[in-house]
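Comments concern the structure below.
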RNA sequence: CGGGGUGUAGCGCAGCUCGGUUAGCGCAUCUGCUUUGGGAGCAGAGGGUCGCAGGUUCGAAUCCUGCCACCCCGACCA
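In this note's numbering, the protein residues as written are 598 to 1087.
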């Protein structure tokens, strides 16, 4: 691909799309708002799934699968839930097509369904319908399930990975006997999400709770992790909801507790999606293309053999293959690109654009001196390493890169987080610097929506850490219990 | 749904104002030779119902009418 990537400071959105395109992560589909996830993108998703899935299982969850179609009547049962999702549902009304002389292929009017089916925008309704049949006693609780699935939300404006009409995600749905246990579950998952974001994705996150206006439709409380992108905008990277007894009441899901009383079941739901890939791109990548953290990179090390004559080819490939075995034995995901159809320079560029953390070059000079050229994707730094030290060196380097990416992202976020005590300063910071702005909030929806209207900034969250501090909301002049995180967001 | 714009090769575009004979350019693709330590060079080749449907005309990518699709801004978006 001879395509140039638009620099970030010229056009950030275009840069984002260029990175995705040149790293071959995804394509636009013939259907507006949908995306084709290409092998490079899907491999990344598989690594994310593997990491998260392991953590879910460690915390006692099991996977299950519920159907993609939900009876329309189910969606009507929880009032706030309907309001939140009704405007963005794909509806199935017919079961077959027929050939019409005038119009060609049309839905067969005779096949109209008795009840419309909704393509799930999320699965609370069908799952709580099911739970109401599974749960009778406190002995049936808790239920700790997760499912990996696709969902559809008919969005007006879409962007690859960040907001698509169909996306892949995991959704956890748990049922508990007590409020305390459900709240604890919500927070356990928030921990899992922050740990995953920070340790695997190398993306630092703010953990917090959403205000009423940003809350999930049907939740009592929505906890979230928020990450700051390089353009100073915030991205909600994961949410964990305490649903109270709302869905249990809507689906009549009661159990007999230890006191022999009937009680509604307490619920949580939580999810992260392919949007995480968008976050990953926007936090680490640069004007040369994708930059991936080693823990999630499908290929951690790309080895490029260099040769001219046939006898060089033989000797170089022999060493390359030995290095490949050694690295693989150490659990490193290495790929030897011995394709003759492409030249070394082209390959160097290819792996840079695709974000492979470490590139090795091995030519006749190296074979002679028993060395390898090692290049880092994140810093561009090149060194020459003795073949005998290579495996240990790479292992250490991958950890260094992983940590380096996190440290850099954290430093960036900290430098872009500003505490302000006046509305004027708030606006100035937002326009000139972007990022998170920590300001006192009086806790009212009025102030929140006034600020949103005037500045397009929203309260990303009320943070769980560093919150308690009495003060005054500079917009309303009313007392405040602490500083919240404001930002313009995706 | 309101405002603006665009449909010509896989992708990006020119040509349209002022109709004319074989519709062109860049990238990509294919073949051959030379190349290979940072996106190779040269030579040749393949690839098009000009968004769709009508109309005007000897003749339409070009003019007229209708339709369709997509994009941008706004509205909307847990």
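Glycine is no exception: its CB is placed at the ideal position from the N, C-alpha and C atoms.
None of these values were measured; they are calculated from a predicted model.
So what does DSSP say about residue i, is it helix, strand or coil?
| i | result |
| --- | --- |
| residue 889 | coil |
| residue 798 | coil |
| residue 990 | helix |
| residue 974 | coil |
| residue 868 | strand |
| residue 630 | coil |
| residue 1072 | coil |
| residue 692 | coil |
| residue 1078 | strand |
| residue 1056 | strand |
| residue 602 | coil |
| residue 957 | strand |
| residue 895 | coil |
| residue 846 | helix |
| residue 830 | coil |
| residue 815 | coil |
| residue 685 | helix |
| residue 938 | coil |
| residue 873 | helix |
Within the continuous beta strand (DSSP E) that includes residue i, where are the two ends?
| i | result |
| --- | --- |
| residue 931 | 931-933 |
| residue 1066 | 1065-1069 |
| residue 852 | 851-853 |
| residue 963 | That residue, residue 963, is in no beta strand (DSSP E); its alpha helix (DSSP H) goes 961-966. |
| residue 623 | 623-625 |
| residue 805 | 803-806 |
| residue 899 | 898-902 |
Can you name, in chain order, every residue of its own chain whose Cβ lies under 7 Å from the Cβ of residue i, other than the five neighbours on each side?
| i | result |
| --- | --- |
| residue 1024 | 1052 |
| residue 839 | 779, 780, 783, 816, 817, 818, 865 |
To which residues of the same chain is residue i closer than 8 Å at the C-beta, ignoring the five residues directly before and after it?
| i | result |
| --- | --- |
| residue 602 | 612, 615, 616, 619, 884, 885, 886, 950 |
| residue 935 | 902, 914, 917 |
| residue 640 | 895 |
| residue 976 | 1001 |
| residue 697 | 703 |
| residue 621 | 635, 636, 637, 638, 951 |
| residue 809 | 1042 |
| residue 648 | 793, 797, 892, 893 |
Just list the residues that DSSP pairs residue i with in beta bridges.
| i | result |
| --- | --- |
| residue 1097 | This structure cannot speak to residue 1097, because the chain is shown only from 598 to 1087. |
| residue 789 | BP columns for residue 789 are empty, so no partner. |
| residue 835 | 822 |
| residue 883 | 886 |
| residue 1085 | In the DSSP output, where bridge partners are listed per residue, residue 1085 has none listed. |
| residue 841 | 864 |
| residue 969 | 982 |
Which first and last residues belong to the alpha helix (DSSP H) in which residue i is found?
| i | result |
| --- | --- |
| residue 662 | Careful: residue 662 lies outside any alpha helix (DSSP H) and carries neither H nor E. |
| residue 910 | 907-926 |
| residue 614 | 609-619 |
| residue 941 | 941-950 |
| residue 676 | 676-682 |
| residue 669 | 669-672 |
| residue 648 | 636-655 |
Leaving out five residues before and five after residue i in sequence, what residues of the same chain have Cβ atoms less than 6 Å from its Cβ?
| i | result |
| --- | --- |
| residue 599 | For residue 599, the predicted structure reports a pLDDT of 40, less than 50, and the residue's modelled location is therefore unreliable. A value from the coordinates is still provided. Correct list: empty, nothing qualifies. |
| residue 960 | 903 |
| residue 847 | 674, 675 |
| residue 1066 | 1079 |
| residue 745 | 767 |
| residue 1039 | 1070, 1073, 1075, 1077 |
| residue 861 | 842, 845, 846, 851 |
Any chance you could list the beta strand (DSSP E) runs of at least 3 consecutive residues sitting entirely within the stretch 697-785, in chain order?
Listed in chain order, the complete beta strand (DSSP E) runs (minimum 3 residues) inside the stretch 697-785 are 701-704, 709-716, 740-749, 763-773.
Which full runs of the alpha helix (DSSP H) of 4+ residues lie inside the stretch 983-1051, going along the chain?
Here the runs fully enclosed are 987-1012, 1020-1029.
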